[in-house]
Every structure is written in C-alpha cells, then in structure tokens.
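*Asks:*
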Amino acid sequence: MTEQRNIDIRVPVLARVEGEGALEIRTQGQDVTAVRLRIFEPPRLFEKILEGRDHGEVPDLVARICGICPVAYQMSAVHAFERLFGVDPGSWVRDMRRVLYCGEWMQSHALHIHLLAAPDLLGYDNAIAMARDHPDIVRRGLLLQALGNDIIRLFGARSVHPVGVRVGGFHHVPARSDVTEIYTRLSAAIPDTEALVRWAAALDLPAAEQRFVSVSLRHTAEYPMNAGRLASSAGLDAGIDEFESHFSEQQVAHSTALYCLLNGQPYLVGPLARVNLNLERLPAAVRAALDESGIVWPSRNPFHAIVARAAEIYYAVLEAARILKDYRIPEAAHAAVVPRAGVAIAGTEAPRGMLWHRYDVQEDGRVVRARIVPPTSQNQARIEADLRQSLEALGLDRSDDELRRRCEMVIRSYDPCISCATHFLDLRVERC
Amino acid sequence: MSTVVAKDRPRAAVHKFASCDGCQLALLNLGEDLLLLSSLVEFVHFAEAGQVNPEAPVDIAFVEGSISTAKDVERIQRVRARSRFLVAIGACATAGGLQALRNLADGQAWIADVYASPDYVDSLQSSTAVAQHVKVDLELWGCPVNSRQLIAAVRALLFGVAPFEEHDKVCLECKRAQVVCVMVAHGLPCMGPVTRTGCGALCPSFGRDCYACYGPAENPNTEVLGRRLEGLGLAPAAIGRCFLSINNGAPPFTEAGLRRVHEHD
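Protein chains in written order, with our numbering: chain Z, 1 to 432; chain C, 1001 to 1265.
#1: Considering Z:Glu249, what are the terminal residues of the beta strand (DSSP E) in which it resides?
#2: List, in order along the chain, the chain C residues whose C-beta lies closer than 7 Å to that of Z:Gly164?
#3: Which residues, in order along the region 1075-1108 of chain C, keep a beta-carbon less than 8 Å from a beta-carbon of chain Z?
#4: Using a beta-carbon distance cut-off of less than 8 Å, what residues from the region 66-88 of chain Z approach chain C?
#5: Of the residues that make up the region 1048-1065 of chain C, which ones have a beta carbon closer than 7 Å to any beta carbon in chain Z?
#6: Run down chain Z in chain order and give the residues with a C-beta less than 9 Å from the C-beta of C:Ser1068.
#7: So is C:Asn1029 in contact with chain Z if we call contact Cβ pairs under 8 Å?
#8: In whole angstroms, what separates the C-alpha of Z:Arg153 from that of Z:Gln362?
#9: Of all the CB atoms in chain C, is at least one closer than 8 Å to the CB of Z:Arg97?
#10: Quick check: is the beta carbon of Z:Ala304 nearer than 8 Å to any beta carbon in chain C?
#11: Using 8 Å as the threshold, is the C-beta distance between C:Val1194 and C:Ala1217 below it?
#12: Compute the beta-carbon to beta-carbon distance between C:Gly1240 and C:Gly1215, rounded to the nearest angstrom, for a pair I have assumed lies under 8 Å.
#13: Tell me the residue span of the alpha helix (DSSP H) that contains Z:Cys407.
#14: Kindly give me the distance between the Cβ atoms of Z:Val367 and Z:Leu147, rounded to whole angstroms, as I take these residues to be in contact under 8 Å.
#15: Would you report the Cα separation of Z:Ile7 and Z:Phe46, rounded to the nearest angstrom?
#16: Tell me whether Z:Cys102 sits in a helix, a strand or coil according to DSSP, three-state version.
#17: By DSSP's criteria, C:Arg1011 is part of a beta bridge. Which residues make up the other side?
#18: Where does Z:Glu349 fall in DSSP's three states?
#19: Can you find at least 3 beta carbon pairs, one from the region 1194-1210 of chain C and one from the region 1135-1153 of chain C, that sit closer than 8 Å?
#20: Rounded to whole angstroms, what is the Cα-Cα separation between C:Leu1188 and C:Pro1204?
#21: Can you give the beta carbon distance from C:Gly1090 to C:Cys1023, rounded, assuming they're within the 8 Å contact cut?
#22: Enumerate in chain order the residues of its own chain whose CB-to-CB distance from Z:Arg309 is below 7 Å, with the five nearest sequence positions on each side excluded.
#23: Count the C-beta pairs between the region 1143-1158 of chain C and the region 1073-1093 of chain C that are closer than 8 Å, then say yes if the count reaches three, no if not.
#24: Measure from the alpha carbon of Z:Arg166 to the alpha carbon of each residue in Z:Cys417, Z:Gln74, Z:Ser214 and Z:Leu396, then state which is nearest.
#25: Count the other C-beta atoms from every protein chain shown that fall within 10 angstroms of the C-beta of Z:Gly123, then say buried if there are 16 or more, exposed otherwise.
#26: Following the continuous alpha helix (DSSP H) through C:Phe1085, name the residue where it begins and the one where it ends.
#27: Answer yes or no: the CB of C:Ala1156 versus the heavy atoms of the ligand NAD, is any distance below 7 Å?
#28: With burial defined as no fewer than 16 other Cβ atoms inside 10 Å of the residue's Cβ, what is the status of Z:Ala118: buried or exposed?
#29: Step through the CB atoms of chain Z and report whether any lies within less than 8 Å of the CB of C:Ala1177.
#30: Would you call the region 284-292 of chain Z and the region 224-237 of chain Z in contact, with 3 or more CB pairs under 8 Å?
#31: Just the Cα atoms here: how many angstroms apart are Z:Ala221 and Z:Glu280?
#32: Tell me which residue opens and which closes the alpha helix (DSSP H) that Z:Asp136 is part of.
#33: Using a Cβ-Cβ cut-off of 8 Å, state whether C:Ser1002 counts as contacting chain Z.
#34: I'd like to know whether the C-beta of Z:Ile128 is nearer than 8 Å to at least one C-beta of chain C.
#35: Is Z:Asp178 close to chain C? Criterion is C-beta to C-beta, closer than 8 Å.
#36: Note down, in chain order, each residue of its chain lying with its Cβ closer than 6 Å to the Cβ of C:Phe1043, except the 5 sequence neighbours on either side.
Structure representation (structure tokens):
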C-alpha cells in the first residue's frame, strides 16, 4: 500500500467525488491506527477546462461539476463575476436567486433524507423496499423533492443543469401564472415540512457527542445562501476574499478529492454547521420546531445533520413562499455586464455546505485560472475524524458487520457527494 | 437489434463512470414513477438508489459517464459482457463529456497542474465515449438526458421494439413549438441549427441561445453555421469554443471547433 504523505499543492484542484469510495480501517488492539475514506472518482480537471473560457460560459460549464447541486455552482460563479465587475443585478434578481436556491436545497435534502439516509435508520437496504412499509413517508419526501425540482424548472427550464442563470441575472422572467401555481404548492407543503422535522427528530439516532468546528457563511440579517462572511464556531469572522488565508487544501494518496483544512484542522460544513451557526437567523416557526425536537442546539452530534436538513427544507419552503407571495414582473431579467480584469471571488451555501470559487480574469472577461473548493473536500477530513471517534466510542470488539454498518451511517450522514459510493462501501478491517 | 423478452421482470443496472451524476437523476427524480418503474424492471445494480451488485447479469445496462481511467477501461468490458442491451446515457457516455477537452490538450500536463502528486492519480490522458470501447446498443444524448428519454427507451425495450432515436435539429423543435428564433430575432449565436433535439428546445424557449448540450444532429452543417456566427461578430476562437464545449468529443464538433481555433493561429 502506498504510504500516506501530505503534500502542499501548487495548483488548486477540483476533484469531483460523486462516485466510488471505499473505507479502510486498521486497528491494533484497541487502537484505531488508520481510517481512510478512499475516494477514487476519476478526476475531470474542471479548473483546466475553465481556463480560456469567457465568463459568460462559466455558469453553464461549472453546473456540470454536480448534477445534484448545479444551482450552487452557478450561484457561486455569477456572484464572483458580478463582484469583480461591479454589477448590481437589483432586488428582483437577488430575491429570485434566493427562491431558486431554496428549490435546490429542497430537492437535494429531500433526496438525501428519503432515498439515501432513511433506509439506514429504518432498517432497509433501499428506499424502494422502505416504501412498501412506509409509503406515506416516502411519498411525502418524493413530493418535496419534486416541488424543489419544479422551483428550479420555473427559473431554469429543467432541474438538472438548468439554463436560466446568467452573469447579471436571469435569461427568463417566470410568468405570474406559473409562480402562482408554485406558491400554492409551497403553501400546501408547509404542514408537511413541519411534520418532516418532527419525524426526523423522532428517529432513533445514535448518541455521539463529538468535538468539531462548524463553518458556514453568516449574513447580517438572513439565513445564509448567496452572501455573507466566513464564520466558524471557533470564532473565525473573515471576508470571503480572505478564504485562502485561513483554509488550505492538501492531496493525500488515497483520494482524488483534496482535503481542505481550517488552520490545519478538520471542520464541518453543511446543514448542521449552518444551523449551529445561524440559529437566530431562522424564522420563529423553524426555531420552534428545532426546540421541540428535544435536541439542544447548537448540536455536537453529527447524526443530527438529518434533523438540520429537515429543518432547512422547512425553512426553504417558508422562505420561497414568503418571497413569491408578492411576486412582481421586473423591467429586466438581468443587468448589463461589462467585464474587467481582476480576481473574482465568491462563496455561497450549496446544499452540502459552503462552495467557494475564485477566477482570475483577464481584461476581455476570459478566465485565466480557476479554483473551486467544493463542500465534500472540506468535509472529508472531518468524516475521517468522525469515523475514528465513532469506532472508538462503539468499541472495536463489535463484529465487522456492525462496524461496517456504523461507518456507512456516519459517512452517509454527511451527505457527501460520494453518496452513491457510500452505498457500496468495501470495508476492510485489518486486526493486528 | 436485440430485444428484451420479459420472463419475470427484466433486470436492469445503472453504472457510473466519470460524470456529474446528473443523468442518473433522470431516474431518481421520477418521484412516484420511480416506484412504478421498479415494478416493471428490477434494478439489481443502482448504487445511488441502494442496490449494489455490479457483476450481476442484466437485460438492460444504463451507463453514465466517460471512460477515463485504466480501471474503467476494464470495468466497461465487464459491464458489456454481463448486459444484453447496453444503453449509453448522456454526453459523457456518448461523447466523452466536457472533460474530453483534455484529449485536445496535454492531458498529463493538466493532471500535473491540478494535482501536486500526479502519480497518486489513476487517470488516462483521454476521456472517451463508451462506444469507443465496447458495442453500444443505444445512445441517449443530452447533458443531462431527461426522464422522458429514459422512460421511452425502457418502454420500447419492454415492448420489444427498437427505441426511437432523435436525430432532428433543435430548429425543427422550435418551429413545432412556435418559439421565436433567437438567432433571427435577437442575433444570438444559437447552436440549434446543428444540435440534436430531444431537450424540448429549452434554451430558445427561455429567450437564449442553444449551447449544443444534446450533441450533433444528423448531417450538421457546421461550416455554414460557423460562417453565420462570424457574421454575428464572433471571433474564430469564440466560434471554436461554441463547438468545443459539452460535446467537444463528438466528431463533427471536434472537427469544426479545431478548424476554427486553428484559423486563429
């Protein structure tokens, strides 16, 4: 086996990790000597693909990094260019982007909760088998997923790699009648999503208090989506342009995803980190649902991510309905864009956590160099730290099968972009 | 063309290679229809949905993603050997995907530029379509493919008929849907005249130019479109990028794109 070496990288990487992963654990007596979440998704080298491309092409290209969260990639990209170019798209665009992001959070979170995570917790191999015994739970989840997808379709014509977003705003203004239809469905979904939070909180989740640092954006007035400063539970408060002074990526031998560390340490991004850091930015109804859950927030139990995810679906439904209630047709769907040279930086909150983009742009608006730090590379070190702590807490005298199942649950609770891979973990336990 | 004869339920598999996962979502986004589909075919391998059995023989194998590592070159052979009917879904599987751009550059240099330790990374210098490695029975083009395409293919196979393949240009779909031509009316550099339909002419219906995510149509006249784009004021390099985008690995687009880029040299 190749010996693990940590090496500072010269050029940033984006290794997409939706794909095959494996887990390796080595123990010696009662000590876990090695825990490796192996990711071997073939790299697609997006940073290189983006070099030489016009800024106008970038939103449609970076969408292709992730089929589950293309909107997040589009949002980080357009905000980066607009900040550099000094474009203010105005309040309509700002509001509608928030609704669009709500749609993506809803579909991504609903997919994860119902098709990926819940079968673990209720004792099934997959959601189709689970649907036979829990048809109402699965149906509610699929309806919320469909509603999220239809919100994306409203602004982007399709839910995967939507075509409506551009630098400066949107290509298309949704018709009032289409918005009314979505608004009606959102209003009807509010009791369902409130019930979803209660259902998630009542799941039999392992008790697993751990020490970890949460990281997310923080905005002065809103629950974070498209804007805010970098914040951590350890007191970090930095502008989005300062990301590279605090966070660094490293390559390790067993993964084609890079490990991103905060001041050299693992950290958590995603729904649980966002809820932990932004409790007072949630509306009273969501806050009440969280308080009724019996969980003390901020939570130190990584398994509470599923409750945070459910709470964010509830939030997204309320927020989208709030914005669309008084929908108006704007004078223009986008602002004029005049490129200029410089460094374009933005971070937004993808369903799985903070997604940071940096583009070095030349005078004609073409990209010279790109750097993209996705949520999964940020969570990778934290997942391995969690696995180690979970195994030690569970006790290594358990059977391989039990250890494997717990490890799969841990990995899946982070909703990594290798969620499909974590369904066929090839566990190797070497006992010395 | 071979057809699937259902004894019990036909068995199906979904295999992932280098991709964004977006084409599998055409299944995972079906909502309750996913449960209906599962009653018509048995998914024996569909990792993201929780079924794992990659080596099981199946009647229909859906393959998402391009072939870009030495291991995947071997894996696609095994998939072929275990499948009666192999369906390549999406731009990665049918044309190598956006990541096929490395085929036109120095792939090894790209990897070295991105990874500090390129020797840790199992990656070929090329990203290629499934059909360049094994026999493919049906190609569904699109980035991403949509649920309608996938379900139509499954239905056709269940009925034992040859699935319908889209070859028309997006222009025809615009005409049928009475969408105003964005090139004629707004002077936008639309790729619709050379692009395969099947998407529903989504971009023009949103008032924007098609960017060819469904790949080349039948007999695409890339030369004439290139001249038209020039007439709209696009520089040769920009015209080259229009072709060398999501379906850059599709031969008519590779050829048209490189010709324009070299014109620039």
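Every residue gets a Cβ at the ideal spot worked out from N, C-alpha and C, and that includes glycine.
*Replies:* Let me lay it out:
#1: Membership of Z:Glu249 in the beta strand (DSSP E) is indicated by the continuous run Phe247 to Gln251.
#2: Listed along chain C, the residues sitting closer than 7 Å to Z:Gly164 by beta-carbon distance are Phe1206.
#3: With the criterion set as a beta carbon lying under 8 Å from some beta carbon of chain Z, the members of the region 1075-1108 of chain C are Gly1097, Leu1098, Gln1099, Leu1101, Arg1102 and Ala1105, in sequence order.
#4: Cys66, Gly67, Ile68 and Pro70: these are the residues of the region 66-88 of chain Z whose beta carbon lies less than 8 Å from some beta carbon of chain C, given in chain order.
#5: Against chain Z - using a Cβ distance shorter than 7 Å - the residues of the region 1048-1065 of chain C are Glu1048, Ala1049, Gly1050, Gln1051 and Val1052.
#6: Simply Pro42, Pro43 and Arg44.
#7: For C:Asn1029, a Cβ of chain Z is located within less than 8 Å of the residue's own Cβ.
#8: When rounded, the distance between both Cα atoms is 33 Å.
#9: Using a Cβ-Cβ cut-off of 8 Å, Z:Arg97 does not count as an interface residue toward chain C, since no Cβ of chain C sits closer than that to its own.
#10: Inspection of the sequence shows that residue 304 of chain Z is occupied by His rather than by Ala. With 8 Å as the cut-off, Z:His304 does not count as an interface residue toward chain C.
#11: Annotated as proximal: C:Val1194 and C:Ala1217, with beta-carbon spacing under 8 Å.
#12: Contact doesn't hold; Cβ gap of about 17 Å is too wide.
#13: Per DSSP, the continuous alpha helix (DSSP H) segment holding Z:Cys407 begins and ends at Asp400 to Ser413.
#14: Rounded, the Cβ-Cβ distance is 35 Å, inconsistent with contact.
#15: Here Z:Ile7 scores only 21 on pLDDT, less than 50, and its place in the model should not be relied on; the value that follows carries that caveat. Z:Ile7 and Z:Phe46 have their alpha carbons spaced roughly 21 Å apart.
#16: Look at Z:Cys102 here: in three-state DSSP terms it is helix.
#17: C:Arg1011 is bridged to C:Glu1042.
#18: Z:Glu349 falls in the strand class under three-state DSSP.
#19: Yes, since at least three Cβ pairs between the region 1194-1210 of chain C and the region 1135-1153 of chain C fall closer than 8 Å, the two stretches touch.
#20: Inter-residue distance for C:Leu1188 and C:Pro1204 is about 10 Å (C-alpha atoms, whole angstroms).
#21: So it is a contact: roughly 4 Å between Cβ atoms.
#22: Beyond the five residues adjoining it in sequence on each side, Z:Arg309 comes within less than 7 Å, by CB distance, of His109, His112, Ile113 and Pro271 in the same chain, given in chain order.
#23: Between the region 1143-1158 of chain C and the region 1073-1093 of chain C there are three or more C-beta pairs closer than 8 Å, enough to call the two in contact.
#24: Looking at the Cα atoms, Z:Gln74 is the closest of the given residues.
#25: Only exposed fits Z:Gly123, as fewer than 16 other CB atoms lie within 10 angstroms of its CB.
#26: No alpha helix (DSSP H) holds C:Phe1085; the beta strand (DSSP E) holding it covers Ser1083 to Ile1089.
#27: The model depicted lacks the ligand NAD and carries no ligand whatsoever.
#28: With 16 or more Cβ atoms within 10 Å of its Cβ, Z:Ala118 is classed as buried.
#29: No, C:Ala1177 lies away from the interface with chain Z (no Cβ there is under 8 Å from its Cβ).
#30: No: fewer than three Cβ pairs fall under 8 Å.
#31: Computed Cα separation, rounded: 9 Å.
#32: Z:Asp136 -> alpha helix (DSSP H) spans Pro135 to Gly156.
#33: Confidence is the limiting factor: at C:Ser1002 the pLDDT is only 38, short of 50, which leaves the residue's position unreliable, though a coordinate-based value still follows. No - not a single Cβ of chain Z is within 8 Å of the one on C:Ser1002.
#34: Yes, its Cβ sits closer than 8 Å to a Cβ of chain C.
#35: No, no contact with chain C.
#36: Excluding positions up to five away in sequence, the list reads Ala1012 and Gln1051.
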